[in-house]
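Heads up: the structure comes next, in structure tokens.
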Amino acid sequence: MTVLFVNGAKMDLDVEPDTPLLWALRENAGLTGTKYGCGIGECGACTVHIDGQAVRSCTATVGDAAGRTITTIEGLAQKGALHRVQQAWIDFDVPQCGYCQSGMIMAVAALLAEKPQPTDEEIDAAIDNICRCGTFQQVREAIHAAAKA
Amino acid sequence: MSNSIDLGRRGFIIGAASLGGGLALGFDIPFDAEPASGEPLAAPEVNAWVVVKPDETVVIRIARSEMGQGALTGLAQLVAEELDCDWARVTTEYPTPAENAARHRVWGEYATGGSRSIRGSQDYVRKGGAAARQMLIEAAANEWKVPAAECRAEKGVISHPASGRSTTYGKVADVAAKRTPPTHVVLKDPRDWKIAGKGVKRLDTIDKTTGKMIYGVDVTLPGMFNAAIKACPVFDGKLQSYDESKIANFKGVKKVVRVGDDAVAVVADTWWRAKTALDALPIVWDEGPNAKASSAETAKWLAEGLNDSQPAVTGDEIGAARATIAKAPKTVEAVYSYPHQNQAAMEPLNATALYTPERCEVWTGTQNGEAALAAVAEASGLPLEKCDVHKVMLGGGFGRKGFTDYVTQAVLIAKALPGTPVKLLWAREEDMTQGKYHPVTQCKLTGAFDADNKLTALHMRISGQSILSSVRPQAVKNGVDPAVFQGLVSNGEAQIGYDVPNLLVEHAMRNPPVPPGWWRGVNINQNAIYLECFMDELAHAAGEDPVAFRRKLMAKRPKHSAVLDAVAERIGWNSPALDGVHRGVAAFMGYGSYVAAAAEISVPSADKIKIVRLVAATDPGYAVNPAQIERQVAGSFVYGLSALFFGAITMKDGRVEQMNFDSYDSMRLKDMPKVECITMPSGGFWGGVGEPTICVAAPAVLNAYFAATGKRIRSIPLKDANISFA
Ligand code: FES
Ligand code: FES
């Protein structure tokens, strides 16, 4: 049994400590909003927050995350109100297939927490998630809109 | 959106009450055809596009798959437009393929590819909406005892202006459902569209921002196990043996299953445990005849096929190109090549199957629900009526999810565990190496000029792989795969835009041992590079401006030249670019649509490209949702340019060398400028939008690279020439 603190809840999970956090979240905690795209830290589909930092959960283990505060896409909205990044994503109709967007949104939320008004260069440097549908121009617009919100 | 209609809710018109007192109706396809039996058209109660619930919610049924391309929203707009319902109250659902089969394919074609979702079903879905509207109006008119022609419908409200009466769709739906459907309806003129033709937001966005959207990979059923699989890494190889005892103690493992004759799966309580055990499982492969196959060998074999002495078939021939070239005072020749590429949708392939001896059901993201259903029946050994496929949202498809290999595997695994649902998920590595790849080809192009520098002949000789001969051999007649010539021939839905007096297009079919498949845009990707980069070479040889040179040859093809003009004007072709910025253009036709692109790039060093600006023009005839078309076009440019820079699947010792996104890279946000999209529907025809425009991005960039450096790159991807994004 491993104890994780996810989205404000304490979870006892039957999972080995060397299991990637991604799979513990998806399969043991039942939080399927966090997606598997590559499993090697390349694509960012699995991005979650650990202690507020954007982390690719496929390359973090359950052991790494134990005792720390984990937030997934399911926990981003607070008290029923969407996070401003989610709202911007809706306003700008960002998702196509949407599969990469949980990770994209989590990465952007972490960026804005650190840099409330990022420049295009800062966005370029921070957001390197893969989106095979190619939603980048809506992503950029929505980031700027969220920054202003 | 719900994923399927409850199978118990059949019996539509008579059983309207069972639909919650709603109206459900639709039409046979094709709408106008007399049914063979001679029965009146209105008879079948099994046709259903529209359901109006008493609370005024309108459920629109969608047969095609949604994989990010927005077809779900576009099709709903078309039905809603003719229905004149309230768009704010529209929801959608997918009828399952088994329901379609049981109702004699009332919902028509499920296959989602070839950019056909809108253009291939717009007529019958609009008629479905229009007929529903008419029945609803008639129901109200009948109750009011006034002529239906005096009534109006708007946003789901029916009114009779003369008497001042009004009611709503929801109130009369029940009565309307019992009426005889009209045999004839008049569709609106697209100029009068209020819902269609508008850039309304997608219907499926919110759940995609909260993590709630359920993709195939997220399907969870009570008591479900998870499976990881490995198929023989050499194509056409077989599974010889594996040593189960080595993973006997692995936690969570339930079963090891031989899948067909070429794969083995480990089933465990969780997928991570299944995958961990599979990675530790000793497997012996019988590598078969392709154990030594390599891309280098394929390239040599394809190059040989470019030689006129080798057999080839003709795709189009006008005049006498060979003779003209032989006598010409000036000729230009170049050889281009295009590699295998993987679709690499973000969501790896997966399917969840539940098998019992009585019934087999599958939940999966598929681009072809009906083919998936057939695969379920075949793999399960059960009759079609005892099978079903529940379509779920696709995390991208790009052509790969039109195949059903992964569905078959899931059913075979589930069959080994009757009564237990099993979710099969391919690791990214499996997805990368067990593909249905973009076909590999080379092309030799020869152009001839007369003494006045006028282009007199063009000969294109393609050597390489045919998709159809692998996936639909019956479509290949006399050795001709017509799709190979996409965009290069003078007729059909993908016509060459240039009138050259002597034209010869040939194909020497050479199929290497790598399974080919559809890949967004399919054959226009390489053909547009071949033709449009070569047109640039010809313009250069003639000493002419690349746009002016093309326009002269397009004199009789106004739709081709209109899109070219549009991008040239927007990019400012006739005025100089900024210092250090260079331009290229390309124009093409595919899927019934006319497309063009202009690119501005800078080349800070010979091995670095910065894309500064991209302009795209698309004439799809009609534009059902301009905002989504822009997204399709811009997104397809990311996909197409990723392929240009990084996209190569290569084989060595019979095995695919690329395993994951580290060796099969994809463009990132920083690499991509905004795409300035010009959507210019000229009316009178229905073209596609998901795929056509993709093909002009790469040649526009390559032509700009020549303008910048004087160097032609004729082999894709650019990473092979050590060129990357600046
Ligand atoms: S799944 Fe974690 S980075 Fe791709
Ligand atoms: S929206 Fe489909 S991969 Fe990003």
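Protein chains in written order, with the numbering used here: chain D, 1312 to 1460; chain B, 117 to 842. For glycine and all other residues, C-beta sits at the position ideal for the given N, C-alpha and C.
Contacts around residue i, its chain only, beta-carbon distance under 6 Å, and the 5 residues preceding and following it disregarded
| i | result |
| --- | --- |
| Ala187 (chain B) | Arg180, Ser233 |
| Met1322 (chain D) | Leu1315, Ala1340 |
| Pro151 (chain B) | Unreliable placement is indicated for Pro151 (chain B), whose pLDDT of 29 sits below 50; the coordinate value is still reported in the next sentence. Cβ neighbours of Pro151 (chain B) beyond the five flanking positions: none. |
| Gln1412 (chain D) | Pro1406 |
| Ser275 (chain B) | Arg268, Ser282 |
| Asp385 (chain B) | Gly368 |
| Gln459 (chain B) | Phe514, Gly515, Arg516, Trp635 |
| Ile1454 (chain D) | Val1419, Ile1434 |
| Pro808 (chain B) | Gly706, Tyr707, Ser709, Val711 |
Beta bridge counterpart(s) of residue i as assigned by DSSP
| i | result |
| --- | --- |
| Trp387 (chain B) | In DSSP, Trp387 (chain B) forms no bridge with anything. |
| His1455 (chain D) | Paired residue(s): none; His1455 (chain D) is not in a bridge. |
| Phe1316 (chain D) | D:Lys1321, D:Thr1380 |
| Gln1364 (chain D) | D:Ile1361 |
| Arg268 (chain B) | B:Ser275 |
| Ile345 (chain B) | B:Ala381 |
| Met767 (chain B) | B:Val772 |
| Leu853 (chain B) | A question about residue 853 (chain B) goes unanswered here, because the residues of chain B that appear run from 117 up to 842. |
| Leu730 (chain B) | B:Ala715, B:Val791 |
| Cys476 (chain B) | B:Tyr471, B:Cys503 |
| Pro1331 (chain D) | D:Thr1372 |
| Thr447 (chain B) | B:Ala564 |
| Thr809 (chain B) | DSSP lists no partner for Thr809 (chain B). |
| Gln457 (chain B) | B:His554 |
C-beta contact flag for residue i and residue j at 9 Å
| i | j | result |
| --- | --- | --- |
| Leu680 (chain B) | Gly756 (chain B) | no |
| Ser579 (chain B) | Leu418 (chain B) | yes |
| Phe650 (chain B) | Gly563 (chain B) | yes |
| Val262 (chain B) | Ala278 (chain B) | yes |
| Asp1375 (chain D) | Ile1384 (chain D) | no |
| Met783 (chain B) | His456 (chain B) | no |
| Glu209 (chain B) | Arg242 (chain B) | no |
| Gly737 (chain B) | Gly637 (chain B) | no |
| Phe822 (chain B) | Trp634 (chain B) | no |
| Gly535 (chain B) | Tyr471 (chain B) | yes |
| Ala393 (chain B) | Ala344 (chain B) | yes |
| Val805 (chain B) | Val749 (chain B) | yes |
| Gln1448 (chain D) | Val301 (chain B) | no |
Of the listed residues the options, nearest to residue i (C-alpha basis)
| i | options | result |
| --- | --- | --- |
| Glu413 (chain B) | B:Glu545, B:Gly272, B:Val556, B:Lys446 | B:Val556 |
| Ala732 (chain B) | B:Lys726, B:Ala714, B:Tyr471, B:Ala739 | B:Ala714 |
| Ala218 (chain B) | B:Ala467, B:Lys502, B:Lys367 | B:Lys502 |
| Val754 (chain B) | B:Val812, B:Tyr707, B:Gln774 | B:Val812 |
| Ala293 (chain B) | B:Asp568, B:Pro170, B:Ile345 | B:Pro170 |
| Ala567 (chain B) | B:Arg389, B:Lys726, B:Lys443, B:Ser453 | B:Lys443 |
| Pro545 (chain B) | B:Asp778, B:Thr825, B:Gln193, B:Gly286 | Residue 545 (chain B) is actually Glu in this sequence, not Pro. Of the candidates B:Asp778, B:Thr825, B:Gln193, B:Gly286, the one whose C-alpha sits nearest the C-alpha of Glu545 (chain B) is B:Asp778. |
| Val429 (chain B) | B:Pro598, B:Ile441, B:Val448 | B:Pro598 |
| Cys1354 (chain D) | D:Tyr1410, D:Ala1460, D:Leu1423, D:Gln1449 | D:Tyr1410 |
| Val273 (chain B) | B:Trp203, B:Gly708, B:Gly513 | B:Trp203 |
| Leu533 (chain B) | B:Asn643, B:Asp323, B:Arg374, B:Phe565 | B:Arg374 |
| Phe601 (chain B) | B:Ile829, B:Asn618, B:His623 | B:His623 |
| Lys835 (chain B) | B:Gly806, B:Leu489, B:Ala759, B:Pro499 | B:Ala759 |
| Thr1358 (chain D) | D:Ala1457, D:Val1450, D:Lys1459, D:Ile1438 | D:Ile1438 |
| Ser606 (chain B) | B:Val621, B:Val701, B:Val596, B:Lys593 | B:Val621 |
| Gln774 (chain B) | D:Cys1349, D:Leu1336, D:Val1396, D:Thr1345 | D:Cys1349 |
| Lys317 (chain B) | B:Ile832, B:Ala439, B:Asn776, B:Asn741 | B:Asn741 |
| Tyr226 (chain B) | B:Asn641, B:Ala764, B:Glu182 | B:Glu182 |
| Pro298 (chain B) | B:Leu252, B:Pro662, B:Gly518, B:Pro338 | B:Leu252 |
| Pro629 (chain B) | B:Thr520, B:Ala530, B:Arg771, B:Asp615 | B:Arg771 |
| Ala407 (chain B) | B:Asn569, B:Pro349, B:Ala684, B:Ile829 | B:Pro349 |
| Gln558 (chain B) | B:Leu397, B:Lys446, B:Tyr452 | B:Tyr452 |
Integer-rounded CB distance, given that residue j should sit under 8 Å from residue i
| i | j | result |
| --- | --- | --- |
| Leu319 (chain B) | Thr189 (chain B) | 5 Å |
| Leu510 (chain B) | Gly481 (chain B) | 4 Å |
| Ala390 (chain B) | Asn466 (chain B) | Contact flag wrong, Cβ pair sits at about 12 Å. |
| Lys72 (chain B) | Ala842 (chain B) | In the structure as shown, chain B begins at 117 and stops at 842. Residue 72 (chain B) is therefore absent and cannot be evaluated. |
| Gly286 (chain B) | Val168 (chain B) | 6 Å |
Residues of its chain near residue i, where Cβ-Cβ distance is below 8 Å and the 5 sequence neighbours each way are ignored
| i | result |
| --- | --- |
| Tyr331 (chain B) | Glu463, Gly481, Val508, Met509, Leu510, Gly511 |
| Ala149 (chain B) | At Ala149 (chain B) the pLDDT is 31, less than 50, meaning the model places this residue with poor confidence; the figure from the coordinates comes in the next sentence. Within the same chain, Ala149 (chain B) has no close Cβ partners at all. |
| Glu172 (chain B) | Asp202, Arg205, Gly272, Thr284, Tyr285, Gly286 |
Chain A contacts made by the region 1396-1429 of chain D, where a contact means CB separation under 7 Å: Annotation note: the requested chain A is absent from the structure, which comprises protein chains D and B.
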